[in-house]
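Protein chains in written order, with our numbering: chain A, 7 to 333; chain B, 1213 to 1548. Virtual Cβ for every residue (Gly too), placed ideally from N, Cα, C. Since we're looking at a predicted model, the values are computed, not measured. Notes follow once the structure below has been shown.
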């Protein structure tokens, strides 16, 4: 088993799937040259320009053409260069991909995967930093995955490609090359909708996903060492569908819930998690359901001083854990 | 009177095929009129009219191979749907939102045609979103080396959208087997063409995408058929897309909720009414001796009987099971 970066794991997942099934193609801007993050390095040499297709710079048409191709026996992976640039394709994703199966009473479907790098913390400014999962988690008919580790990226991307429904696959760009992790060379999948307990604990349940998983684990370790507080960290990995059972089971055990997400606090996906806990685990709660997220300013300003001020980090999370633990 | 049949004007179509085209146009008109009547009587919800567009729709769709070629229609395309093989029952089940509505099971608004076996793909209401899908289906046909073409239908309103430009461009770059059919009726609901574009003929834009565009009389079903046949031939031969701009007119308001007196003069509507494609084609068929008074009457009677029968039956059909509203959000896997 080799240690890989997340971008290598993403590449491996696509490469292996495209080797396995010739119906699968990758299409997007600059993918022929390997893509701006090098996720399709060497694909043209292996699969040719038809299966690793450079497209005109037009996100709506990338997604729309992928939808059309998927109706006619192709399984497209549409790469949008940055999540921030996915907005021109919003109509195709929400009106078309998400609703096609429903509005045709189950007769048509579109098995497409839309991959895009998302998230902040890389000094990317207001247009290379956005989190977009809440938009799409709100839409029935879409599955939404947020990955920030090599192992999850490979297993979940394979599941996304094989899923008969449209899947939004969000790759946290800060995690692309931040660290390496052992990734099996062989084929494996991770079920969509299954959370992972990163560390077991008994005092507080911390629910998170994406890059915030890493910050949360750090904060939990600090609290364990300094205060002896035992935090159960759950990485949702998939926000639609999300693993309510696992989360509720844990909250019923600990009696306290802290939700950490990178997006703006208002209407972020963590709000849905909070509402569900408040409704379905009310009798078990021993403190306020609490959120740590970014304030409601456009994410994120270019200056790293400004960006760091806004984003949640291990210190802010640790502080919130302390406050909640005091109840 | 001796009748001269000019093969060049009838494109080698048999008498039967020539009459079939009139039959489809009459059928589409009758189904539309019936829906409007039912709506006024409070027996149906709302209607979208394609009346006036029948020649574009029947002329183009008659050049396709149903179930092989891909059809991405929009809400005025009732005559496209009927020509490719949907029935008045199929259309009316959508109108009445009946359980067995093949288009959507009562989920989509009326006139959003879909039929999997006929490869008429379900559409939505935002304008022009189906055009990239037509391009994608054509891309798949090209990648898989299938002898299939794709047709995107839209009105002049669609030509202002980003999706339209993006699709034309994509199809041009990849030389895809797709035909773009613009049913140019001069209005995007109430906005006249002169406020939509600074050019007279949208077909000239095709040059900017690297393929031919042609402007034709959309009220002449045979001219439409002839043009479409050429475009289909080009697509199938791997020569790439064609944009057909068929000039026509919407004889009725946009929908049953629209009052076109606010934006069109009655003189203008009457002017175009005199060019009604059904009347023009019937005259043409009489002139070449394919129809006479009796066969024309028989054809009309047949159409009316068919629509009467379909209305009576479909209105009595069951509505969807309420709880079925929760189904088909996602593909239900076998065994799940």
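Counting only Cβ pairs nearer than 7 Å, list the residues of chain B close to residue i.
i, result
"residue 115 (chain A)", "1543"
"residue 106 (chain A)", "1334"
Hey, residue i and residue j: beta-carbon distance below 8 Å or not?
i, j, result
"residue 1186 (chain B)", "residue 110 (chain A)", "Shown here, chain B extends from 1213 to 1548; a query on residue 1186 (chain B) therefore has no answer."
"residue 1243 (chain B)", "residue 1526 (chain B)", "no"
"residue 154 (chain A)", "residue 220 (chain A)", "yes"
"residue 1299 (chain B)", "residue 1273 (chain B)", "no"
"residue 1275 (chain B)", "residue 1464 (chain B)", "no"
"residue 1385 (chain B)", "residue 1447 (chain B)", "no"
"residue 1340 (chain B)", "residue 1376 (chain B)", "yes"
"residue 334 (chain A)", "residue 79 (chain A)", "No statement about residue 334 (chain A) is possible, as the shown extent of chain A runs from 7 to 333 and does not include it."
"residue 84 (chain A)", "residue 1352 (chain B)", "no"
"residue 88 (chain A)", "residue 122 (chain A)", "yes"
"residue 7 (chain A)", "residue 191 (chain A)", "yes"
"residue 1396 (chain B)", "residue 1458 (chain B)", "yes"
"residue 1449 (chain B)", "residue 1304 (chain B)", "no"
"residue 1455 (chain B)", "residue 1422 (chain B)", "no"
"residue 57 (chain A)", "residue 32 (chain A)", "yes"
Keeping to the same chain, check which residues put their C-beta closer than 7 Å to that of residue i; ignore five residues upstream and five downstream.
i, result
"residue 1289 (chain B)", "1262, 1269, 1325, 1365"
"residue 55 (chain A)", "38"
"residue 11 (chain A)", "156, 182, 183, 186"
"residue 249 (chain A)", "199, 200, 201, 242"
"residue 196 (chain A)", "158, 161, 162, 165"
"residue 29 (chain A)", "79, 80, 81"
"residue 330 (chain A)", "210, 262, 264, 293, 296"
"residue 1312 (chain B)", "1305, 1529"
Looking only at C-alpha atoms, which of the options sits nearest to residue i?
i, options, result
"residue 327 (chain A)", "A:307, A:306, A:260, A:288", "A:260"
"residue 136 (chain A)", "A:20, A:329, A:302", "A:302"
"residue 170 (chain A)", "A:40, A:21, A:73", "A:73"
"residue 1460 (chain B)", "B:1255, B:1222, B:1427", "B:1427"
"residue 211 (chain A)", "A:11, A:280, A:313", "A:280"
"residue 242 (chain A)", "A:58, A:198, A:21", "A:198"
"residue 343 (chain A)", "A:309, A:150, A:258, A:195", "Missing from the structure shown is residue 343 (chain A); chain A here goes from 7 to 333 and no further."
"residue 1379 (chain B)", "B:1350, B:1406, B:1404", "B:1350"
"residue 320 (chain A)", "A:298, A:305, A:311, A:85", "A:298"
"residue 275 (chain A)", "A:9, A:97, A:213", "A:213"
"residue 1512 (chain B)", "B:1225, B:1222, B:1231, B:1221", "B:1231"
"residue 108 (chain A)", "B:1313, B:1312, B:1319, B:1311", "B:1319"
"residue 1484 (chain B)", "B:1239, B:1265, B:1260", "B:1265"
"residue 312 (chain A)", "A:91, A:101, A:122, A:129", "A:129"
"residue 1388 (chain B)", "A:22, A:71, A:125", "A:71"
"residue 1417 (chain B)", "B:1407, B:1521, B:1245, B:1368", "B:1368"
"residue 1528 (chain B)", "B:1293, B:1383, B:1516, B:1255", "B:1255"
"residue 253 (chain A)", "A:332, A:236, A:284", "A:284"
"residue 1360 (chain B)", "B:1444, B:1227, B:1541", "B:1444"
"residue 22 (chain A)", "A:208, A:43, A:42, A:52", "A:52"
Starting from the beta carbon of residue i, find every residue of chain B whose beta carbon is closer than 8 Å, and list them in chain order.
i, result
"residue 72 (chain A)", "1348"
"residue 147 (chain A)", "1541, 1542"
Chain A partners of residue i, CB-CB under 8 Å?
i, result
"residue 1341 (chain B)", "70, 97, 98, 101, 102"
"residue 1382 (chain B)", "61, 62, 64, 67, 71"
"residue 1345 (chain B)", "70, 71, 73, 74, 77, 102"
List the residues of chain B whose Cβ lies closer than 9 Å to the Cβ of residue i, in chain order.
i, result
"residue 270 (chain A)", "Per Cβ cutoff of 9 Å: no residues; residue 270 (chain A) is ~27 Å from chain B at best."
"residue 56 (chain A)", "1354, 1355"
"residue 170 (chain A)", "1542, 1543, 1545"
What does a CB cutoff of less than 8 Å around residue i pick up in its chain, not counting 5 residues either side in sequence?
i, result
"residue 1548 (chain B)", "Bear in mind that a pLDDT of 38 at residue 1548 (chain B), under 50, signals an unreliable position, so the model cannot answer this."
"residue 40 (chain A)", "46, 47, 48, 49"
"residue 1258 (chain B)", "1251, 1321, 1322, 1467, 1468, 1469"
"residue 117 (chain A)", "76, 81, 169, 170, 171, 172"
"residue 1401 (chain B)", "1369, 1466, 1470"
"residue 1372 (chain B)", "1400, 1408, 1409"
Check the Cβ of residue i against every Cβ in chain A and list those closer than 7 Å, keeping chain order.
i, result
"residue 1316 (chain B)", "109, 110, 111"
"residue 1385 (chain B)", "62"
"residue 1319 (chain B)", "108, 109, 111"
Closer than 6 Å by C-beta to residue i: which residues in its own chain qualify, once you throw out the five before and the five after it? Chain order, please.
i, result
"residue 1284 (chain B)", "1333, 1342, 1345, 1346, 1364"
"residue 1297 (chain B)", "1278, 1330"
"residue 1214 (chain B)", "Note on residue 1214 (chain B): pLDDT 41, under 50, position unreliable in the model; the coordinate value appears next. Around residue 1214 (chain B): no qualifying Cβ."
"residue 1216 (chain B)", "No answer about residue 1216 (chain B) holds up, because its pLDDT of 45 lies below 50 and its placement is not dependable."
4 or more residues per run - each alpha helix (DSSP H) lying fully within the segment 106-173 of chain A:
106-109, 139-143, 156-168
Every unbroken alpha helix (DSSP H) inside the segment 1380-1465 of chain B [4 residues or more]
1405-1408, 1418-1421, 1433-1448
Counting only runs that start and end within the segment 260-295 of chain A, where is the alpha helix (DSSP H) found for 4 or more residues in a row?
275-286
Within the segment 1329-1378 of chain B, note down every full beta strand (DSSP E) run reaching 3 residues or more, in order along the chain.
1362-1367
Could you give the uninterrupted runs of the beta strand (DSSP E) lying entirely in the segment 1213-1301 of chain B, keeping only those of 3 residues or more?
1282-1284
Beta strand (DSSP E) runs wholly inside the segment 165-241 of chain A, at least 3 long, in chain order:
173-178, 187-189, 202-205, 210-214, 237-241
Which ranges does the alpha helix (DSSP H) cover as unbroken runs of at least 4 residues, wholly within the segment 1461-1494 of chain B, from first to last along the chain?
1478-1485
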